[in-house]
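Going by UniProt numbering, the sequence shown opens with residue 1, and the numbers climb by one from there.
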Amino acid sequence: MTTITCDDAQRICFVTTDDARELAIPYQAVASWKALLNLGSYDEALDAIIDHTKPGADPIDWADKYEVLAGQDDPQPVAPRISLFAMPAAASQGRSALSGLEDVLAGLEQDFVNQVKQGGMR
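If you want it as structure tokens, here you go:
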């Protein structure tokens with residue numbers, strides 16, 4: 001089972017995957033992937049990062065994602081959804097590994113979106 005431990009002081013999620021990969025995923029990465037991939041939750045973004053770090057994973061056309069994000073209207077808040085992929089134990093308990101971090105992640109996401117829209121992140 002995938003295990004996730006979040007360190008608020010370092011703002012990093014430490015992940016051990018089912019296939020024994022050890023990942024350190026900054027909160028900023030979770031927030032930016034959510035915005036760039038237009039995902040509905042931070043759990044989905046964390047799942048996407050975990051999935052795309054697998055050997056042989058399909059590459060993402062980041063240039064296209066930045067262009068789309070830069071041209072979008074400001075995103076509307078979406079009710080959080082719990083992913084069943086990377087965090088089954090947490091999901092079965094009605095919470096996620098990112099519970100309690102939504103405000104921090106939302107702030108990081110909004111800062112990122114603003115930078116992209118101002119042309120500072122392309």
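Just so it is clear, CB atoms sit at the ideal spot from N, CA and C, and this is done for glycine as well.
None of the values given here were measured: they were computed from a predicted structure.
Return the CA-CA distance between residue i and residue j, expressed in angstroms with no decimal places.
i	j	result
residue 6	residue 41	17 Å
residue 53	residue 44	14 Å
residue 28	residue 20	23 Å
residue 18	residue 51	11 Å
residue 65	residue 22	27 Å
residue 14	residue 99	15 Å
residue 36	residue 63	10 Å
residue 103	residue 97	14 Å
residue 16	residue 2	6 Å
residue 195	residue 39	Outside the shown range of the chain, which is 1 to 122, sits residue 195, and nothing can be said about it.
Closest to residue i by CA distance: which of the options is it?
i	options	result
residue 11	101, 72, 71 and 65	101
residue 108	47, 21 and 30	30
residue 57	64, 65 and 48	48
residue 71	63, 117, 9 and 103	117
residue 26	62, 38, 63 and 4	4
residue 33	18, 61, 119 and 22	61
residue 24	38, 1 and 8	8
residue 119	67, 59, 16 and 39	67
Please report the Cβ distance between residue i and residue j, rounded to the nearest whole angstrom; I am assuming they are in contact, meaning their Cβ atoms lie under 8 Å.
i	j	result
residue 113	residue 69	7 Å
> What beta strand (DSSP E) runs, 3 residues minimum, are completely inside the stretch 2–88?
Replying inline: With a minimum length of 3 residues, the continuous beta strand (DSSP E) runs that stay inside the stretch 2–88 are 3–7, 12–16 and 22–26.
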